[in-house]
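K.L.:
One point on numbering: in full-length UniProt numbering, the residue at position 78 of the sequence shown is 78, and numbering is uninterrupted.
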Amino acid sequence: MALLMNDAFDRDREEQRIQAEQAQRERDERLKQEAAEQARRDAENKHKAELEAAARREAEEKARAELAERQRIEAERVRHAEKQEADARAERGKIRSSGKLSAARLRKKPIASAARQSNENRPDWQRRSAKLTSRRGGKPTLSTVRLSGTDIVKALQGQYQLNPRSGD
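(1) At the level of alpha carbons, what is the spacing between GLU85 and LEU67?
(2) Roughly how many angstroms lie between the CA atoms of residue 176 and GLN19, to the nearest whole one?
(3) How many Å lie between GLU96 and ASP87 at the Cα?
(4) What does the alpha-carbon distance come out to for the pair ASP28 and LYS46?
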């Protein structure tokens, strides 16, 4: 009987050892899977961060290129304006030396040129309003105000394609 009990005891111990080994293998396998999953998540996060950094660098590079282009255009515009001013000064110097124009006309020419250029950049309603106002000594008349208001409304209607008769 003791032999049978000893045998049963040995079997129980062996089963416990096998169960402990199985539990250890399962723990090891689970830890290995968790480590692999963590490594995969880390790799995905790293890849995502690299993509975001590349997109950010690309956006910064594009912004720098746009800024450089705007600066180049502005510098070109300034050079052009300076060249025109230098040409105008040279022309005035030639005219002055030849004695064709009086000093008063020389002073009026750049002012008239600047006024003409600023007038060309205005919308039609502002030009007509300025013309009517200048005829009255700088004071707007009621007709000037009405004309300006009507032109503003027409411009807005045209811009937004509004038709007051159709009920839009």
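Note that beta-carbon positions come from the ideal geometry of N, C-alpha and C, so glycine has one too.
P.N.:
From the atom records:
(1) For GLU85 and LEU67, the distance between alpha carbons rounds to 27 Å.
(2) The structure shown has nothing for residue 176, since the chain only spans 1 to 168.
(3) First, the residue type needs correcting, since residue 96 is Arg and not Glu in the sequence shown. Spanning the two alpha carbons is a distance of roughly 14 Å.
(4) Roughly 26 Å separates the two Cα atoms.
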